[in-house]
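Read through the structure below, which is laid out as structure tokens, and then see the notes.
2 protein chains.
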Amino acid sequence: MTMNHEEEDPLRATFMYGAGDVRVTEVPDPAIVDPTDAIVRVVRACICGSDLHPYHSLPDTPTGSSMGHECVGVVEDIGAEVTTIEKGDLVITPFAWSDGTCEFCRAGLQTSCRHGGFWNAGDVAGMQAEALRVPLADGTLVAVPVDENSPLIPSLLTLSDVYGTGYHAAIKAGVGPHTTVTVIGDGAVGLMAVLSAKQLGAERIILMGRHTDRTDLGRDYGATDVVTERSDEGIARVRDLTGGDGTHVVIEAVGHMPAYEQAVGTVRAGGVISRVGVPQYEEAPIGFGSLFGPNITLTGGPAPARAYIDTLLPRVLSGDVDPGRVFDAEVPLADVARGYQAMDSRSALKVLVTP
Amino acid sequence: MTMNHEEEDPLRATFMYGAGDVRVTEVPDPAIVDPTDAIVRVVRACICGSDLHPYHSLPDTPTGSSMGHECVGVVEDIGAEVTTIEKGDLVITPFAWSDGTCEFCRAGLQTSCRHGGFWNAGDVAGMQAEALRVPLADGTLVAVPVDENSPLIPSLLTLSDVYGTGYHAAIKAGVGPHTTVTVIGDGAVGLMAVLSAKQLGAERIILMGRHTDRTDLGRDYGATDVVTERSDEGIARVRDLTGGDGTHVVIEAVGHMPAYEQAVGTVRAGGVISRVGVPQYEEAPIGFGSLFGPNITLTGGPAPARAYIDTLLPRVLSGDVDPGRVFDAEVPLADVARGYQAMDSRSALKVLVTP
Numbered sequence: 001m002t003m004n005h006e007e008e009d010p011l012r013a014t015f016m017y018g019a020g021d022v023r024v025t026e027v028p029d030p031a032i033v034d035p036t037d038a039i040v041r042v043v044r045a046c047i048c049g050s051d052l053h054p055y056h057s058l059p060d061t062p063t064g065s066s067m068g069h070e071c072v073g074v075v076e077d078i079g080a081e082v083t084t085i086e087k088g089d090l091v092i093t094p095f096a097w098s099d100g101t102c103e104f105c106r107a108g109l110q111t112s113c114r115h116g117g118f119w120n121a122g123d124v125a126g127m128q129a130e131a132l133r134v135p136l137a138d139g140t141l142v143a144v145p146v147d148e149n150s151p152l153i154p155s156l157l158t159l160s161d162v163y164g165t166g167y168h169a170a171i172k173a174g175v176g177p178h179t180t181v182t183v184i185g186d187g188a189v190g191l192m193a194v195l196s197a198k199q200l201g202a203e204r205i206i207l208m209g210r211h212t213d214r215t216d217l218g219r220d221y222g223a224t225d226v227v228t229e230r231s232d233e234g235i236a237r238v239r240d241l242t243g244g245d246g247t248h249v250v251i252e253a254v255g256h257m258p259a260y261e262q263a264v265g266t267v268r269a270g271g272v273i274s275r276v277g278v279p280q281y282e283e284a285p286i287g288f289g290s291l292f293g294p295n296i297t298l299t300g301g302p303a304p305a306r307a308y309i310d311t312l313l314p315r316v317l318s319g320d321v322d323p324g325r326v327f328d329a330e331v332p333l334a335d336v337a338r339g340y341q342a343m344d345s346r347s348a349l350k351v352l353v354t355p
Numbered sequence: 001m002t003m004n005h006e007e008e009d010p011l012r013a014t015f016m017y018g019a020g021d022v023r024v025t026e027v028p029d030p031a032i033v034d035p036t037d038a039i040v041r042v043v044r045a046c047i048c049g050s051d052l053h054p055y056h057s058l059p060d061t062p063t064g065s066s067m068g069h070e071c072v073g074v075v076e077d078i079g080a081e082v083t084t085i086e087k088g089d090l091v092i093t094p095f096a097w098s099d100g101t102c103e104f105c106r107a108g109l110q111t112s113c114r115h116g117g118f119w120n121a122g123d124v125a126g127m128q129a130e131a132l133r134v135p136l137a138d139g140t141l142v143a144v145p146v147d148e149n150s151p152l153i154p155s156l157l158t159l160s161d162v163y164g165t166g167y168h169a170a171i172k173a174g175v176g177p178h179t180t181v182t183v184i185g186d187g188a189v190g191l192m193a194v195l196s197a198k199q200l201g202a203e204r205i206i207l208m209g210r211h212t213d214r215t216d217l218g219r220d221y222g223a224t225d226v227v228t229e230r231s232d233e234g235i236a237r238v239r240d241l242t243g244g245d246g247t248h249v250v251i252e253a254v255g256h257m258p259a260y261e262q263a264v265g266t267v268r269a270g271g272v273i274s275r276v277g278v279p280q281y282e283e284a285p286i287g288f289g290s291l292f293g294p295n296i297t298l299t300g301g302p303a304p305a306r307a308y309i310d311t312l313l314p315r316v317l318s319g320d321v322d323p324g325r326v327f328d329a330e331v332p333l334a335d336v337a338r339g340y341q342a343m344d345s346r347s348a349l350k351v352l353v354t355p
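Heads up: the sequence lines are chains A and B, in that order.
Residue 1 is where the first sequence starts when you use the UniProt record's numbering, and the numbers rise one by one after that.
Residue 1 is where the second sequence starts when you use the UniProt record's numbering, and the numbers rise one by one after that.
If you want it as structure tokens, here you go:
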């Protein structure tokens, strides 16, 4: 294959070698392995809040752990069996790859695809790189009629993960008109959950977060109230705002146990807790005193971002919504470690990575 | 008030004084306290699977714990503000009392009524008795045009709890045509869940239980398969029956941790676990490896039995369904302790109690 970068330059990609240890490394050029593959040159990648979990806890990994699961790129090559994607297409690459044809994909649950998987596992490398191999390209990639220099690129990039993830949270929770919603977490996924709840007609959206610049953006996206307190104080504040009852829906966009406890504390009897923050715990309270007694439903999981692109893309293309505003910093690939530091220290909300 | 029993006879009611210690005790006649009360003479009460939880674990309770939350009876007296229920009405008494007018009741979640509650708490006594005071009679009671000697009484009695509870499980899980369902537990609630899933059009209903007489009744109610194995073997069997995937819905009608683990093991990715067995645990696995990764929804809780009576009553009255078949034994109130023993030893499925 021929990449746009100079032939003699080795390809660069991001690896994590342990907690806090992120480096850009030279790797072999990606190549077509299966006839259903495509090779994508990355136009923009980014760093995800979920990348901060290994950034805090990854044990020493001498071989490195490949990183990145969100990008927009240009198709450089396709395998012999790829039929819907062409060289030169600008594509959105969702954070799971999927065949698009199995029962799970047809049911809109591409994250459980019979033949699919997640990036950065096995021989499928990550997207914080100059280029990558995409398995099952027909099922996975979405071509969009946009130039790679378009100002829409950041918003399109949110469809790889965070916008679809926020939307998944709201859809699984059944948000609609007359629904009151609490969103726990003012990270990019929390803000996308606010935007999604607003799009689905939520009557009231209470955003729990402590970073004014983020909660201000949340207000722009549709939050009607902001609660800066946490734990019991935060719960009491949401209860105060809702006549003591809590909200019909609570979207938990963090993944740590205190956020789950906050969700249990702020959800209304008969309501739904929808989790899209990757849980950093396995066991949690679900008995009579937490979920069962008040008939609380617990839902959520890894978003089938691919499923939601068709729904969400038109309003991104038309400029009706601007989810790309969650990106407030940008680093070149060589400085990706600085991007991790900025997100970890909360000085950046979400960081674009430019190869 | 005047009761049908002789004036000089003191009223008898069931109390539990500790694990395994059930006795019938003399109590004062119930009386109207609030103008919204009714007094109901019990025609038939029964023993619930959930009564076996304290039967196993209640600490010594010298004052006794009032028992029973299911009955059909005849209204003997009403308070001045009761308008929809009259003396002489045959009524179904659901297992929670509720005002019928608050937002939660209007939303069909009478178990979270703003002014309601559960029997056997505070000054509201239980139904394994000759008579009882019913708070908020207009919201709570459902009058049915049936004589107290009708053969329909056992089926009507299931609308107090177990039929509504099984139906709640199926409704909360979203059972419909094309849904495959596993029901864990061949107790009365499990069997009512089978009947309910069948009524809602489930395509396949796998009943997990080990008592042939009960699973045979389950087949009559609509079970298409019976799995007698438990734990990992039971899970493997359900997976075998479903091409390795598990079922869209799993109804957990037991309440013990092994049943929850069985539910997690048998539910299909993207599916729903609906719990109506009262959980005998508070913490349980809900992280990436159990619920989150495969996008499993967990729902359920105490059934608003009151909400479902309107839906389920017509087919009971017409004889289209015969949920009363879950009663396979009957004891006079004086022998209620024997009824508990029979259910605890599994020699009886569900026991009618006749005052």
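Glycine residues also receive a C-beta, built at the ideal position from the N, C-alpha and C atoms.
Small disclaimer: the values here were computed from a predicted structure and weren't measured.
Exercise. B/G49 CB to nearest chain A CB: under 8 Å?
Worked result: no
Exercise. Which residue or residues does DSSP assign as beta-bridge partners of A/G289?
Worked result: A/G289 pairs with nothing; no bridge assigned.
Problem set entry | Residue nearest to B/A173 in terms of C-alpha spacing, selected from B/A13, B/S57, B/G201 | B/G201
For this session: List the whole-angstrom C-beta distance separating A/G64 from A/T25, where the pair is believed to meet the contact cut-off of C-beta under 8 Å.
Result: 7 Å
Problem set entry | Positions along the UniProt domain "Alcohol dehydrogenase-like N-terminal" (35 to 137) of chain A whose CB lies within less than 8 Å of some CB in chain B | F104, A107, L109, T111, S112
Exercise. CB-CB under 7 Å to A/T2, same chain, minus the five flanking residues each way: which ones, in chain order?
Worked result: The predicted position of A/T2 is uncertain, since its pLDDT is 44 and thus under 50; a value taken from the coordinates is nonetheless stated next. Nothing meets the Cβ criterion.
For this session: Using a cut-off of 8 Å between C-beta atoms, extract the partners of B/N149 located in chain A.
Result: Ordered by position in chain A, no residue passes the 8 Å Cβ test against B/N149, which lies about 36 Å from the chain.
Exercise. Is the segment 313 to 323 of chain A touching the segment 93 to 106 of chain A in the sense that three or more CB pairs, one from each, lie closer than 8 Å?
Worked result: no
Exercise. Between B/M192 and A/E261, what straight-line distance do the alpha-carbon atoms span, to the nearest angstrom?
Worked result: 33 Å
Problem set entry | A/M67 - DSSP class collapsed to helix/strand/coil | coil
Exercise. Leaving out the 5 sequence neighbours to the left and right, which residues in its chain are closer than 7 Å to A/V194 when beta-carbon positions are compared?
Worked result: V183, I205, L207, G218, Y221, G222, A223
Problem set entry | C-beta atoms of A/A19 and A/Y55 nearer than 8 Å | yes
For this session: State yes or no: is the beta carbon of B/E330 nearer than 8 Å to at least one beta carbon in chain A?
Result: no
Exercise. What residue does the alpha helix (DSSP H) around B/D311 start on, and which one ends it?
Worked result: Before going further, note that residue 311 of chain B is Thr rather than Asp in the sequence given. Start and end: 305 to 317.
Problem set entry | Span separating the alpha-carbon of A/D335 from that of A/L352 | 11 Å
Problem set entry | A/K350 beta carbon less than 8 Å from that of A/C46 | yes
Exercise. B/D21 to A/G300, Cα distance in whole Å?
Worked result: 44 Å
For this session: Measure the Cβ-Cβ separation of A/T247 and A/V267 and say whether it is below 8 Å.
Result: yes
Problem set entry | Among A/A303, A/D328, A/D310, the one whose alpha carbon lies nearest that of A/H69 | A/A303
Problem set entry | Members of the segment 256 to 275 of chain B near chain A, C-beta cut-off 8 Å | A269, G270, R275
Problem set entry | B/I153 (DSSP reduced to helix, strand or coil) | helix
Problem set entry | Buried/exposed call for B/G166, threshold 16 Cβ in 10 Å | buried
Problem set entry | 8 Å Cβ shell around A/V82 - same chain, five flanking residues per side excluded | P35, T36, D37, A38, A137, D138
Problem set entry | Reduced DSSP secondary structure (H/G/I, E/B, other) of A/G248 | Gly is not the amino acid found at residue 248 of chain A; the sequence shown has His there. Reduced to three states, the DSSP call for A/H248 is strand.
Exercise. So A/V278 packs on A/H53, CB below 8 Å; how close in whole Å?
Worked result: 6 Å
For this session: Express the C-alpha separation of A/E130 and A/R41 in angstroms, rounding to a whole number.
Result: 6 Å
Problem set entry | Member of A/T84, A/A329, A/L152, A/D161 whose CA lies at the smallest distance from the CA of A/D320 | A/L152
Problem set entry | Alpha-carbon spacing of B/V272 relative to B/F292, whole angstroms | 12 Å
For this session: Mind checking the segment 170 to 183 of chain A against chain B and listing, in chain order, the residues whose C-beta falls within less than 8 Å of any C-beta there?
Result: K172
Exercise. Using a Cβ-Cβ cut-off of 6 Å (strictly less than) and excluding sequence neighbours within five positions of A/E6, which residues of its own chain qualify?
Worked result: Any reading at A/E6 must be qualified, since the residue scores a pLDDT of 49, below 50, and its modelled position is unreliable; the value itself is stated next. Cβ within range, chain order: n/a, list empty.
Exercise. Do we get a CB-CB distance below 8 Å when we pair A/G187 with the residues of chain B?
Worked result: no
For this session: Give a yes or no on whether the C-beta atoms belonging to A/A305 and A/G164 are separated by under 8 Å.
Result: yes
Exercise. Taking the continuous beta strand (DSSP E) assigned at B/T14, which residues delimit it?
Worked result: 11 to 18
Exercise. Nearest to B/Q199 by alpha carbon, out of B/R214, B/D186, B/R23, B/I171?
Worked result: B/I171
Exercise. Is it true that the CB of A/G209 sits closer than 8 Å to the CB of A/D186?
Worked result: yes
Exercise. What does DSSP give as the partner residues of B/V272 in its beta bridges?
Worked result: B/V249, B/T297
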